[in-house]
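The block underneath contains the structure these notes are about, expressed in structure tokens.
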Amino acid sequence: MLYRKPSQIQEALLGAKYDYLPTSLERRVTVLADKRKQYTLFVSQYFHLRENVKHKPMFHQIQKDLNRMTLLYRRPEMVAHNNNNNNNNNNNNNNNNNNNNNNNN
1 MLYRKPSQIQ
11 EALLGAKYDY
21 LPTSLERRVT
31 VLADKRKQYT
41 LFVSQYFHLR
51 ENVKHKPMFH
61 QIQKDLNRMT
71 LLYRRPEMVA
81 HNNNNNNNNN
91 NNNNNNNNNN
101 NNNNN
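Here the sequence shown is numbered in full-length UniProt numbering, starting from 1 and rising by one per residue.
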């Protein structure tokens with residue numbers, strides 16, 4: 001039997017959860033290879049843009065966003081909390097829209 005570390009299982013589950021990787025192990029290997037090839041292509045295509053003065057503000061903002069997201073994903077309780085807030089906000093918005101529609105009729 002093949003044993004995996006919990007971190008490997010977690011990576012596979014997150015990849016499947018966010019539709020980054022298929023659940024089928026056979027397909028996962030080929031899809032991951034394709035995604036790595038795409039990443040290499042994108043790096044060679046866009047990495048030099050970081051040095052262009054015109055693009056500096058955009059890359060500065062991306063770097064700040066990446067740092068923020070990394071901190072969030074190191075603290076899973078923050079992500080779960082944010083998802084719950086988003087769901088509550090969506091429910092509140094839907095309720096408000098329904099109330100507005102009822103008032104207009």
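Where is the CB? At the ideal position from N, CA and C, for every residue including glycine. Note that this is a predicted model, so its numbers are computed, not measured.
- Only residues of its own chain outside the window of five on either side were considered, and among them 59 have a CB closer than 7 angstroms to the CB of residue 50, listed in chain order.
- One thing to note: residue 31 has its Cβ within 8 angstroms of the Cβ of residue 21.
- Straight through space, the alpha carbons of residue 25 and residue 39 are spaced by roughly 21 angstroms.
- In the structure shown, the three-state DSSP call for residue 22 is coil.
- Look at the stretch 19 to 65 and you find these whole runs of alpha helix (DSSP H), each 4 residues long or longer: 25 to 46.
- Shown here, residue 75 sits in coil according to DSSP, grouped into three states, outside any helix or strand.
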